[in-house]
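Working notes, beginning with the structure itself.
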Amino acid sequence: DFVVVVFRTLLFVIARVPFSFLLGLTFALILNSDYLPGRTFFRVMLFVPWAASSLAILMALIWQFFFREQGTINQVLALFGIAGPAWLRDPLSAFLIVVLVDTWFSYPFFMIVILGALQAVPRDVYEAAELDGASWWQQLTQITLPLIRPAVLPATVLTSITAFQMFGTVWAITQGGPVNEVGRPGATEFVIVYAYKQIFQTQNYGNATAFAVILFIFLFTATLYSLRLTRITKGAYES
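What the sequence shown shows, in the working numbering, is residues 157 to 395, in sequence order.
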(Lines of atoms letter the chains of each structure in order from A and count residues from 1; the text may use other names and numbers.)
(Lines give C-alpha, C1' and ligand atoms only; values in the text may rest on other atoms or scores of the structure.)
Protein backbone atom coordinates (compact mmCIF):
# COMPACT_ATOMS: atom_id res chain seq x y z
CA ASP A 1 0.00 0.00 0.00
CA PHE A 2 2.81 2.38 0.87
CA VAL A 3 4.49 2.09 -2.53
CA VAL A 4 1.18 2.33 -4.40
CA VAL A 5 0.06 5.45 -2.54
CA VAL A 6 3.38 7.25 -2.93
CA PHE A 7 3.58 6.29 -6.61
CA ARG A 8 0.08 7.62 -7.31
CA THR A 9 0.83 10.80 -5.40
CA LEU A 10 3.99 11.38 -7.43
CA LEU A 11 2.07 10.59 -10.62
CA PHE A 12 -0.52 13.17 -9.62
CA VAL A 13 2.19 15.78 -9.00
CA ILE A 14 3.90 14.98 -12.31
CA ALA A 15 0.59 15.29 -14.18
CA ARG A 16 -0.76 18.36 -12.39
CA VAL A 17 2.28 20.65 -12.30
CA PRO A 18 3.11 20.65 -16.06
CA PHE A 19 -0.55 21.19 -16.98
CA SER A 20 -0.77 24.10 -14.53
CA PHE A 21 2.43 25.57 -15.95
CA LEU A 22 1.31 25.25 -19.57
CA LEU A 23 -2.08 26.83 -18.85
CA GLY A 24 -0.48 29.58 -16.79
CA LEU A 25 2.10 30.26 -19.51
CA THR A 26 -0.53 30.33 -22.26
CA PHE A 27 -2.81 32.76 -20.45
CA ALA A 28 0.12 34.91 -19.30
CA LEU A 29 1.33 35.26 -22.90
CA ILE A 30 -2.19 36.21 -23.99
CA LEU A 31 -2.62 38.78 -21.21
CA ASN A 32 0.82 40.22 -21.92
CA SER A 33 -0.06 40.85 -25.55
CA ASP A 34 -0.52 44.46 -26.64
CA TYR A 35 -3.16 43.36 -29.13
CA LEU A 36 -5.65 41.90 -26.64
CA PRO A 37 -8.74 44.12 -26.24
CA GLY A 38 -10.35 44.22 -22.81
CA ARG A 39 -7.30 42.87 -21.00
CA THR A 40 -8.63 43.97 -17.61
CA PHE A 41 -11.80 41.92 -18.09
CA PHE A 42 -9.89 38.80 -19.11
CA ARG A 43 -7.48 39.20 -16.21
CA VAL A 44 -10.37 39.27 -13.76
CA MET A 45 -12.00 36.22 -15.38
CA LEU A 46 -8.78 34.21 -15.39
CA PHE A 47 -8.19 35.01 -11.72
CA VAL A 48 -11.59 33.56 -10.76
CA PRO A 49 -10.30 29.99 -10.12
CA TRP A 50 -7.68 31.29 -7.71
CA ALA A 51 -10.25 33.44 -5.92
CA ALA A 52 -12.54 30.40 -5.77
CA SER A 53 -9.75 28.31 -4.23
CA SER A 54 -10.61 29.93 -0.88
CA LEU A 55 -13.85 27.94 -1.22
CA ALA A 56 -12.02 24.92 -2.62
CA ILE A 57 -14.23 22.23 -1.10
CA LEU A 58 -17.43 23.94 -2.23
CA MET A 59 -16.07 24.38 -5.76
CA ALA A 60 -14.85 20.77 -5.78
CA LEU A 61 -18.36 19.62 -4.86
CA ILE A 62 -19.70 21.60 -7.82
CA TRP A 63 -17.20 19.84 -10.08
CA GLN A 64 -18.28 16.53 -8.57
CA PHE A 65 -21.87 17.35 -9.49
CA PHE A 66 -20.79 17.90 -13.09
CA PHE A 67 -19.26 14.42 -13.28
CA ARG A 68 -21.90 12.41 -11.42
CA GLU A 69 -23.74 9.69 -13.32
CA GLN A 70 -26.80 11.96 -13.45
CA GLY A 71 -24.71 15.12 -13.47
CA THR A 72 -24.48 18.00 -15.90
CA ILE A 73 -22.02 16.44 -18.34
CA ASN A 74 -23.97 13.19 -18.74
CA GLN A 75 -27.21 15.13 -19.14
CA VAL A 76 -25.65 17.13 -21.97
CA LEU A 77 -24.40 13.90 -23.57
CA ALA A 78 -27.90 12.43 -23.25
CA LEU A 79 -29.27 15.30 -25.36
CA PHE A 80 -27.16 13.92 -28.22
CA GLY A 81 -28.18 10.33 -27.55
CA ILE A 82 -24.88 9.43 -25.91
CA ALA A 83 -24.88 7.34 -22.74
CA GLY A 84 -22.50 9.04 -20.34
CA PRO A 85 -20.05 6.86 -18.40
CA ALA A 86 -19.76 6.60 -14.63
CA TRP A 87 -16.89 9.06 -14.52
CA LEU A 88 -16.12 8.80 -10.81
CA ARG A 89 -16.35 4.99 -10.69
CA ASP A 90 -13.63 4.40 -13.25
CA PRO A 91 -10.10 4.61 -11.76
CA LEU A 92 -8.52 6.33 -14.76
CA SER A 93 -11.26 8.89 -15.36
CA ALA A 94 -11.51 9.64 -11.62
CA PHE A 95 -7.77 10.26 -11.49
CA LEU A 96 -7.88 12.51 -14.56
CA ILE A 97 -10.85 14.45 -13.16
CA VAL A 98 -8.95 15.17 -9.95
CA VAL A 99 -5.97 16.35 -12.02
CA LEU A 100 -8.28 18.53 -14.15
CA VAL A 101 -10.02 20.16 -11.18
CA ASP A 102 -6.82 20.83 -9.27
CA THR A 103 -5.18 22.22 -12.41
CA TRP A 104 -8.13 24.61 -12.72
CA PHE A 105 -7.49 25.77 -9.15
CA SER A 106 -3.72 26.11 -9.50
CA TYR A 107 -2.96 27.55 -12.95
CA PRO A 108 -3.63 31.20 -11.89
CA PHE A 109 -0.61 31.05 -9.56
CA PHE A 110 1.66 30.21 -12.48
CA MET A 111 -0.11 32.81 -14.60
CA ILE A 112 0.57 35.58 -12.07
CA VAL A 113 4.23 34.60 -11.64
CA ILE A 114 4.86 34.30 -15.38
CA LEU A 115 2.96 37.49 -16.21
CA GLY A 116 5.06 39.44 -13.72
CA ALA A 117 8.25 37.94 -15.17
CA LEU A 118 7.15 38.70 -18.74
CA GLN A 119 6.53 42.34 -17.92
CA ALA A 120 10.10 42.58 -16.62
CA VAL A 121 11.55 41.46 -19.97
CA PRO A 122 12.74 44.48 -22.02
CA ARG A 123 10.78 45.04 -25.22
CA ASP A 124 13.92 45.86 -27.18
CA VAL A 125 15.05 42.24 -26.78
CA TYR A 126 12.05 41.08 -28.84
CA GLU A 127 12.47 43.94 -31.31
CA ALA A 128 16.07 42.92 -31.93
CA ALA A 129 14.99 39.29 -32.38
CA GLU A 130 12.34 40.31 -34.91
CA LEU A 131 14.92 42.29 -36.86
CA ASP A 132 17.07 39.15 -36.96
CA GLY A 133 14.11 37.22 -38.41
CA ALA A 134 13.31 35.14 -35.33
CA SER A 135 9.91 33.45 -35.43
CA TRP A 136 7.39 33.56 -32.57
CA TRP A 137 8.42 30.05 -31.51
CA GLN A 138 12.11 30.94 -31.54
CA GLN A 139 11.43 34.02 -29.42
CA LEU A 140 9.45 31.90 -26.96
CA THR A 141 12.02 29.12 -26.60
CA GLN A 142 15.22 31.15 -26.87
CA ILE A 143 14.24 34.42 -25.18
CA THR A 144 11.04 34.20 -23.13
CA LEU A 145 11.48 30.86 -21.38
CA PRO A 146 15.15 31.37 -20.42
CA LEU A 147 14.43 34.87 -19.07
CA ILE A 148 11.42 33.83 -16.96
CA ARG A 149 13.11 30.66 -15.69
CA PRO A 150 14.41 32.27 -12.44
CA ALA A 151 10.82 33.08 -11.48
CA VAL A 152 9.26 29.85 -12.73
CA LEU A 153 11.57 27.38 -10.96
CA PRO A 154 10.68 28.38 -7.36
CA ALA A 155 7.01 28.56 -8.37
CA THR A 156 7.26 25.02 -9.73
CA VAL A 157 8.71 23.73 -6.46
CA LEU A 158 6.02 25.47 -4.39
CA THR A 159 3.30 24.10 -6.66
CA SER A 160 4.76 20.60 -6.36
CA ILE A 161 4.68 20.89 -2.56
CA THR A 162 1.03 21.94 -2.52
CA ALA A 163 0.14 19.17 -4.98
CA PHE A 164 1.87 16.57 -2.81
CA GLN A 165 -0.24 17.74 0.15
CA MET A 166 -3.52 17.62 -1.79
CA PHE A 167 -6.49 16.62 0.35
CA GLY A 168 -9.58 18.85 0.20
CA THR A 169 -10.26 18.65 -3.53
CA VAL A 170 -9.69 14.89 -3.67
CA TRP A 171 -11.81 14.20 -0.62
CA ALA A 172 -14.70 16.33 -1.87
CA ILE A 173 -14.76 14.67 -5.31
CA THR A 174 -13.82 11.01 -4.78
CA GLN A 175 -12.89 10.50 -1.10
CA GLY A 176 -9.88 8.63 -2.43
CA GLY A 177 -11.90 6.23 -4.56
CA PRO A 178 -12.85 4.37 -6.57
CA VAL A 179 -11.62 1.18 -4.87
CA ASN A 180 -11.19 -1.87 -7.10
CA GLU A 181 -10.27 -4.28 -4.31
CA VAL A 182 -11.37 -4.22 -0.68
CA GLY A 183 -8.52 -3.31 1.63
CA ARG A 184 -6.47 -1.68 -1.12
CA PRO A 185 -5.93 2.06 -1.69
CA GLY A 186 -8.33 3.80 -4.05
CA ALA A 187 -7.33 5.25 -7.41
CA THR A 188 -7.11 8.78 -5.99
CA GLU A 189 -5.96 7.87 -2.49
CA PHE A 190 -2.92 10.08 -2.27
CA VAL A 191 -0.59 10.41 0.72
CA ILE A 192 -2.65 12.84 2.81
CA VAL A 193 -5.94 11.08 2.02
CA TYR A 194 -4.40 7.72 2.94
CA ALA A 195 -3.00 9.11 6.20
CA TYR A 196 -6.39 10.61 7.04
CA LYS A 197 -8.11 7.26 6.52
CA GLN A 198 -5.46 5.45 8.55
CA ILE A 199 -6.05 7.79 11.50
CA PHE A 200 -9.79 8.43 11.48
CA GLN A 201 -11.25 5.34 9.80
CA THR A 202 -9.00 2.40 10.66
CA GLN A 203 -7.16 3.88 13.68
CA ASN A 204 -3.90 2.52 12.25
CA TYR A 205 -1.67 5.09 13.88
CA GLY A 206 1.56 3.27 12.99
CA ASN A 207 1.07 3.65 9.24
CA ALA A 208 -0.14 7.22 9.68
CA THR A 209 2.98 8.10 11.67
CA ALA A 210 5.24 6.54 9.04
CA PHE A 211 3.52 8.53 6.32
CA ALA A 212 3.84 11.71 8.37
CA VAL A 213 7.60 11.19 8.66
CA ILE A 214 7.94 10.54 4.93
CA LEU A 215 5.85 13.59 4.12
CA PHE A 216 7.98 15.72 6.45
CA ILE A 217 11.20 14.52 4.78
CA PHE A 218 9.83 15.24 1.31
CA LEU A 219 8.51 18.68 2.22
CA PHE A 220 11.67 19.59 4.13
CA THR A 221 13.83 18.63 1.16
CA ALA A 222 11.57 20.47 -1.27
CA THR A 223 11.59 23.56 0.95
CA LEU A 224 15.40 23.60 1.10
CA TYR A 225 15.51 23.28 -2.68
CA SER A 226 12.97 26.09 -3.01
CA LEU A 227 15.07 28.36 -0.79
CA ARG A 228 18.12 27.59 -2.91
CA LEU A 229 16.21 28.43 -6.07
CA THR A 230 14.99 31.64 -4.44
CA ARG A 231 18.59 32.69 -3.81
CA ILE A 232 19.45 31.85 -7.42
CA THR A 233 16.46 33.89 -8.58
CA LYS A 234 17.48 36.85 -6.45
CA GLY A 235 21.00 36.72 -7.84
CA ALA A 236 19.73 36.48 -11.41
CA TYR A 237 17.55 39.57 -11.07
CA GLU A 238 20.22 41.55 -9.20
CA SER A 239 22.73 40.84 -11.94
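Ideal Cβ placement from N, Cα and C applies to all residues, glycine included.
On a predicted model such as this, the values are computed, not experimentally measured, just so you know.
Span of the alpha helix (DSSP H), counted from its first residue to its last, around residue i
{"i": "residue 216", "result": "212-223"}
{"i": "residue 295", "result": "292-295"}
{"i": "residue 354", "result": "347-356"}
{"i": "residue 184", "result": "158-187"}
{"i": "residue 230", "result": "228-235"}
{"i": "residue 277", "result": "Element bounds for residue 277: n/a, residue is neither H nor E."}
{"i": "residue 327", "result": "324-329"}
{"i": "residue 319", "result": "301-320"}
Same chain only: Cβ atoms within 8 Å of residue i, ignoring 5 sequence neighbours per side
{"i": "residue 248", "result": "343"}
{"i": "residue 255", "result": "168, 171, 172 and 175"}
{"i": "residue 319", "result": "168, 169, 172, 173, 258 and 262"}
{"i": "residue 361", "result": "354 and 355"}
{"i": "residue 179", "result": "259, 263, 266 and 267"}
{"i": "residue 371", "result": "320, 321, 347, 348 and 351"}
{"i": "residue 235", "result": "none"}
Residue burial classification, residue i (beta-carbon count within 10 angstroms, cutoff 16)
{"i": "residue 164", "result": "buried"}
{"i": "residue 258", "result": "buried"}
{"i": "residue 205", "result": "buried"}
{"i": "residue 293", "result": "exposed"}
{"i": "residue 296", "result": "exposed"}
{"i": "residue 216", "result": "buried"}
{"i": "residue 183", "result": "buried"}
{"i": "residue 267", "result": "buried"}
{"i": "residue 351", "result": "buried"}
{"i": "residue 223", "result": "buried"}
{"i": "residue 177", "result": "buried"}
{"i": "residue 213", "result": "exposed"}
{"i": "residue 328", "result": "buried"}
{"i": "residue 253", "result": "buried"}
{"i": "residue 192", "result": "exposed"}
Close Cβ partners of residue i (< 6 Å) along its chain, the five nearest in sequence each way excluded
{"i": "residue 332", "result": "342, 344, 345 and 349"}
{"i": "residue 241", "result": "none"}
{"i": "residue 324", "result": "212 and 213"}
{"i": "residue 387", "result": "none"}
{"i": "residue 363", "result": "354"}
Closest by C-alpha distance to residue i, when choosing among the options
{"i": "residue 246", "options": "380, 330, 189 and 325", "result": "330"}
{"i": "residue 263", "options": "382, 189, 323 and 308", "result": "308"}
{"i": "residue 272", "options": "285, 300, 218 and 259", "result": "300"}
{"i": "residue 381", "options": "315, 253, 198 and 216", "result": "315"}
{"i": "residue 181", "options": "366, 166 and 305", "result": "305"}
{"i": "residue 326", "options": "377, 250, 384 and 289", "result": "250"}
{"i": "residue 303", "options": "289, 322, 281 and 233", "result": "281"}
{"i": "residue 379", "options": "351, 276 and 311", "result": "311"}
{"i": "residue 368", "options": "321, 336, 178 and 207", "result": "321"}
{"i": "residue 313", "options": "190, 376, 359 and 188", "result": "376"}
{"i": "residue 188", "options": "279, 387 and 374", "result": "279"}
{"i": "residue 166", "options": "197, 363, 195 and 317", "result": "317"}
{"i": "residue 185", "options": "228, 219 and 277", "result": "277"}
Sequence-distant residues of the same chain with beta carbon closer than 7 Å to residue i, five excluded per side
{"i": "residue 160", "result": "341"}
{"i": "residue 233", "result": "240"}
{"i": "residue 359", "result": "none"}
{"i": "residue 195", "result": "187"}
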